[in-house]
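First up is the structure itself, then whatever we jot down about it.
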Amino acid sequence: MISLNVNGKTYRVDVPDDVPLLWVIRDHLKLTGTKYSCGIGECGACTVHINGKATRSCTIPVGEAKGKKITTIEGLPEDHPVKRAWIQEQVPQCGYCQPGVMMQVAAFLREKPTPTADQIISKMDDVICRCGTYLRMKKGIQTAVQIAGKGGKKS
Amino acid sequence: MTTSISRRAFLKASSLTIAVSVTPFGYTILNAAEKKDLKTFNPNVWLHITSDNKVTIYIGNSEMGQGALTAQSMIIADELEADWKQVQIRQGGAKDAFKSPLLRAQITVASASMRGFYEPLRKAGAAGRTMLIKAAADTWKVPEGECKAVLGTVKHEKSKRSLTYGQLCEKAAKIEIPRDPPLKNESEFRYMGKTMPRVDVPEKVRGKAVYGLDVNDSNVKELKGMLYAVIARPPAYGAKPHSFDRTAAEQVKGVVKVMEIPMGIAVCATSTEAALKGKDALKVQWDTGSLPDMDNAYIEKLMIADLDRQGVKVHEVGDAKKAIGEAAKKVEATYYIPCVAHVTMEPMNTTAYVQKDRCDVWAPNQNQTACQGMAAGITKLAPDKVHIHTTFLGCGLGRRAFTNFVPEAVMISKALEKPVKVMWTREDDIKHDRFRAPMTHRIQGGLDAQGRLIGWYHKTSAISIMKPVNPNAIKDGVDYYCLWGLWDVPDSPHWNDRIQYEIPNLYIEFLMADLPILCWPWRAVQNGPNAFAIESFIDELAHAAGKDPLEFRLQSLKNNKRASRVLETVAEKAGWGKAIPKGRGRGIAQHACFGTWIAVVADLSVDEKTGKVEMHKVVAAVDCGPVINPGPLVEQIEGGITMALSTALKEEVKFAKGGVATSNFDNYPLIRMSEVPEIEVHIVKSTDKIGGIGELGIPATAPAVANAFFNATGVRIRRIPLTPERVLAAIKEKKA
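Line by line, the protein sequences give chains U and Z. Mapping of the first sequence onto the numbering used here: residues 877 to 1031, in sequence order. Mapping of the second sequence onto the numbering used here: residues 10 to 745, in sequence order.
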């Protein structure tokens, strides 16, 4: 039995230590906002926070997440500036990659609340969106910065 | 107005199945008893008004980010004169009434959702409004002409009375459905033409939207005890397994069953991770398949050589050979466009539950008609016992209209008598994709002494898209699916998918490449590769004629108002003809397909030392007739242009040993944020017939890039993608 802290709740799951955290989150905890797309950490659709750090859950074994604070898209507050900005700017098209992208953005903005355009691009150049919403993502990030600056909650 | 018995009976029967799903995603059909207090008015398949004053709209097209749910609902709600706040939108099931009048199937392809449904949906909403007004007039015993529908209520100004749609629905349900209800004038449109936020966005942002892969027993309670399956699939075309270790796989903890099915060897388990481990343990040995020598060089060589073979004449007007023979100037060029993969972010998957008297399929699909037919065939159930639940689609791109991911789950569920989810891994999804068909083109063109285009002789070879799927679709040796954008059959439901230029002597010939690679429509189908060849070649001709590429195009589009207008608009917006910074190149291209016209100007620079192409800006002008939801329309064009840039600069599927060598994003590079330039989209106001949008960003973009590359470097690129190696080689060749 492995004990996991996800979105502030404690879960106990009966899985071997080497199972990718992604499958535990999706299939065992039924938190399906975190997506499978590549399984090799290339696209970012499975990104969650582990102790506040953006982590690709498809390549980290669940054993390594024991005792740490895991946050998934469902645990990011509804009024989080990134969620609000993503709706305001209508970023998603198919939307499949976006929960992972948003988690990466949320962690990034906590580290760097007012990034430059170049910093945004270099930080976000490792995510893949097949619908091609990259320009909207950039806009969404800038809007999230503004919302946060006006006192929006930052998780 | 009398009400026929059969109409009453229909309403009564239909209320059993309609009364109405209130699960978040509209999957589970609730027992009518739970909703027995509600009266329902449903004049057609889309529209359900209930006595709680809710308007529920069911949409038969699939939602893959293109905004079909929102835009189609806007049309209905507008004509119904509903209050958007009272509207809830659901994904509909598989139903004959949802079949596209253009495509004769319930299928979301060919940018046809608006083309096919604009008028039917307007009529559907207007029928509801007319019947509600009549119900109110009958209630008040006043003439219908004195009553007016305003935002979900019918008002009688004179007597200051009003009734809500909810209050009127029981009475309206008894009124005869008008065949040709009066439609609104454009000036009365409340929603159409104004940007409305997409209804699917909030739940996608919250992580609550359910895609196919997310279906489980927490969102569909019937799936308790669901098994997870993955399938070991052949590594080469035509390869058969000659051995595998069943015992080793069955010994993996959680593995329940190993099954041979026609697609490969399925491993079913109580969890995804156990199924994956079980699949690894199979250690399948495969034979070499049907063409073990096939790799990229083999394909390209064969398809170029094809162009020397005799093909089948597709179209001929005048005498192109003769005109070119006598022309003042002749130009010839050969182009190659390789295979690209769909790589939807959500890999293929299906969940199926086959029971004795029903079959349920949860699939992120673009083709409900095919899903239902396939599942009915396997289960031997009547189609109305097969329930297709279309989830959100993690991208569609045409891939999900080929529903070969559905039968696997149905077969396994039927055999195991349990609900089963089959997941394709990313590797399965790429290696067993059906790619955009590779194409070669050889075009000869002739110019008269004034530099006017007088002859065009075009041979093209492609892998047939339809031959392995539906050989009957091949007409006299021609697979028109391969030719969209170059030529199409006269009665095509795709409207005007052909070369736009006015050419007095035109000849088109088709060859079918004999290769085992499986292909399928990929966003814009072959409009992409065909437009690349046509628009690159027209640029070469302009250069040979010593004319500006825009002027040269317009000269051969004199009677083509819509093509000319998008070209002129994009030229103006992009500052065509004005000076550009040194080292930069600008290229233009236009294309028409699916009833819409687009023109694109690309602006780039090339680092001649590294071979890297940097995009600076792309400007597009679009004429699609009436616009329903402008915001998402622009997003579709932006996304399509971005995807086309990816194919122009980066994408090519690799083959080896008779199979697909490309396996995942680490060896199939896709465009990233740093490579996407500013994109500007201009909508040309137009009252012409409504056209498609979802695929329109694709065709004109890659040729605009190649033309801009020529403008920047003087080097013509006739084969994409423009990878640094290819760019360096082309520049070196030019200098030599």
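Just so you know, even glycine gets a beta-carbon here, dropped at the ideal spot from N, CA and C. If you're wondering where the values come from, they're calculated on a predicted model, not measured in any experiment.
| Item | Value |
| --- | --- |
| Put T656(Z) into one of helix, strand or coil per three-state DSSP. | helix |
| Mapping the DSSP letters down to three states, classify Y491(Z) as helix, strand or coil. | With the sequence shown as reference, residue 491(Z) is identified as Cys, and Tyr is not the correct amino acid for it. Helix. |
| Compile a chain-ordered list of the residues in the segment 391–424 of chain Z whose CB is closer than 8 Å to at least one CB of chain U. | F401, L402, G403, C404, G405, L406 |
| Helix, strand or coil for A446(Z) per DSSP? | coil |
| From the DSSP secondary-structure annotation, give me the bridge partner or partners of Y344(Z). | H450(Z) |
| Step through the CB atoms of chain Z and report whether any lies within less than 8 Å of the CB of R932(U). | no |
| Going by DSSP, what residue range makes up the alpha helix (DSSP H) through M420(Z)? | 415–425 |
| Examine the ligand FMN and report whether any of its heavy atoms sits within less than 7 Å of the Cβ of Q509(Z). | With respect to the ligand FMN, the structure shown offers nothing to examine, as it has no ligands at all. |
| Thinking just about the alpha-carbon of each residue, which of V219(Z), P356(Z), F414(Z), A119(Z) is nearest to the one in Q535(Z)? | A119(Z) |
| Determine the contact status of T578(Z) and G701(Z), defining contact as a CB-CB distance below 8 Å. | no |
| DSSP on K365(Z), reduced to helix/strand/coil? | coil |
| At which residue ranges does the segment 566–646 of chain Z contain complete alpha helix (DSSP H) runs of 4 or more residues, listed in the order of the chain? | 570–583 |
| Rounded to the nearest angstrom, what separates D438(Z) and A630(Z) at their Cα positions? | 34 Å |
| Please say whether P635(Z) and I692(Z) have beta carbons closer to each other than 8 Å? | no |
| Pick from E325(Z), A278(Z), Q364(Z): whose alpha carbon is nearest that of K430(Z)? | A278(Z) |
| Among the residues of its own chain, which have a CB less than 6 Å from the CB of S71(Z), if the five just before and after it don't count? | T117, Q375, T399, L402 |
| Assign S683(Z) to one of two classes, buried (16 or more other C-beta atoms within 10 Å of its C-beta) or exposed (fewer than that). | exposed |
| State the DSSP-derived secondary structure class of M1000(U), mapped to helix, strand or coil. | helix |
| Taking just the CA atoms, how far does T173(Z) sit from W93(Z)? | 14 Å |
| Shortest alpha-carbon distance to L130(Z) belongs to which of P52(Z), H165(Z), S171(Z)? | P52(Z) |
| Since I believe M268(Z) is in contact with I421(Z) (beta carbons under 8 Å), could you give me their beta-carbon distance rounded to a whole number of angstroms? | 6 Å |
| From the beta carbon of G35(Z), is the nearest beta carbon of chain U less than 8 Å away? | Low confidence applies here, because G35(Z) scores a pLDDT of 39, under 50, leaving its location unreliable and the question unanswered by this model. |
| Give me the DSSP bridge partner(s) of W6(Z). | In the structure as shown, chain Z starts at 10 and stops at 745, and residue 6(Z) therefore has no counterpart that could be examined. |
| Three or more C-beta pairs under 8 Å: does that hold for the segment 935–955 of chain U against the segment 900–918 of chain U? | yes |
| Quick check: the Cα distance between I707(Z) and P152(Z), rounded to an integer number of angstroms? | 52 Å |
| Decide yes or no for the touch test of the segment 314–329 of chain Z against the segment 189–203 of chain Z: beta carbon pairs closer than 8 Å, at least 3 of them. | no |
| Taking beta-carbon pairs under 8 Å, can you tell me which members of the segment 910–943 of chain U lie near chain Z? | T910, K911, Y912, S913, C914, G915, I916, E918, C919, A921 |
| What is the rounded straight-line gap between the Cα of P392(Z) and the Cα of Q381(Z)? | 6 Å |
| Please classify V159(Z): is it buried, with 16 or more other beta-carbons within 10 angstroms of its beta-carbon, or exposed? | exposed |
| So which residues on chain Z does E950(U) lean against when the C-beta distance must stay under 8 Å? | R215, G216, K217 |
| Could you please give the first and the last residue of the uninterrupted beta strand (DSSP E) stretch that includes I240(Z)? | 236–241 |
| Using a C-beta to C-beta distance shorter than 7 Å, which residues of chain U count as neighbours of I463(Z)? | Chain U residues near I463(Z): none, gap ~39 Å exceeds 7 Å. |
| Tell whether a beta-carbon distance below 8 Å holds between T671(Z) and K659(Z). | no |
| Step through the CB atoms of chain U and report whether any lies within less than 8 Å of the CB of P733(Z). | no |
| Kindly indicate if chain Z contains any beta-carbon less than 8 Å away from that of D903(U). | yes |
| When the Cα of L300(Z) is compared with those of A745(Z), A721(Z), A665(Z), E704(Z), which residue comes out closest? | A665(Z) |
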